[in-house]
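Asks: Okay, here's the structure, questions in a sec.
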Amino acid sequence: MNITNLQVGLGIIALATVGLVFTNPILCLVLALIGMVVMFGWEQVKKLINIPTSSNYTLKDADGNLVDYTLKSGLLTKAERSFYGVLESVVPDELVVMSKVRIADVLYATKGLDRKDSARLFAKISSKHFDFVLCLRTDLSYVAAIELDDSSHQKKSRKDRDDFVELACKSAGLPLYRCRAQYVYQPNELRDYLFVNSTQQSKDVASEEA
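Residue numbers 1 to 210, in our numbering, belong to the letters of the sequence shown in order.
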């Protein structure tokens, strides 16, 4: 005798009904859901119980163009989170750490320059950001910027970018510290580099074991 999906599904739902009387109601709901999936298929069950799918969130703008974004896992990469945790532990209480700060929100072309120079200088920094910025906790005024340099900073395009950012910070009088990305950081070395024996040169702040 051939047993159809409908018969199997009805059998499971019948078991669920018995379970409601003699066992756990949660088990009953699970069995009922399984029975529905067997009978109708998962896609139909999702529609019946209104489980949202990714298409439910696809929108269009006023011109009819697709608007479809995906939320990233977090603000910082794994390497940045590792450094951030150590940085937070060594920063004095009067300072606060900001991350992924747009350079154009920190620096601007000096007033009085001609329009062409102002536009050029803005364009050079408009799409760039500092990895971290130290601010005074009281008024969030800028104290220093920190760049975390991974292997990508060895590329010529990145070196050119880094050289210009250093010039921009020097022009504005903003201290810029460069730290090489490491697997493990030594908090005391990072503290000394930033707040004691500052040279504003790129530095390894790894533990001896790294």
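Cβ coordinates follow ideal geometry from the N, Cα and C atoms, glycine included.
Every value quoted in this text rests on a predicted model; they were computed, and no experiment measured them.
Rounded to whole angstroms, what's the CA-CA distance from residue 125 to residue 174? Just pull it up for me.
Replies: 15 angstroms
Asks: Restricting to Cα atoms, I'd like to know which of 172, 112 and 185 is closest to residue 104.
Replies: 172
Asks: DSSP three-state call for residue 191: helix, strand or coil?
Replies: helix
Asks: Rounded to whole angstroms, how far is the Cβ of residue 183 from the Cβ of residue 194, which I believe are closer than 8 angstroms?
Replies: Between residue 183 and residue 194, the beta carbon gap of about 20 angstroms keeps them out of contact (Cβ cut-off 8 angstroms).
Asks: The ligand MN and residue 104: does any heavy atom of the ligand fall closer than 6 angstroms to the residue's C-beta?
Replies: Judged by which ligands are present, the structure shown has none, so any question about the ligand MN falls away.
Asks: Taking only the alpha-carbon atoms, compute the straight-line gap between residue 95 and residue 128 and give it to the nearest angstrom.
Replies: 23 angstroms
Asks: Since residue 97 and residue 132 are thought to touch, with beta carbons under 8 angstroms apart, how far apart are those beta carbons, to the nearest angstrom?
Replies: About 6 angstroms separates the two Cβ atoms, so the contact holds.
Asks: What are the boundary residues of the beta strand (DSSP E) that includes residue 116?
Replies: Where residue 116 is concerned, there is no enclosing beta strand (DSSP E), although the alpha helix (DSSP H) it sits in stretches over 115 to 125.
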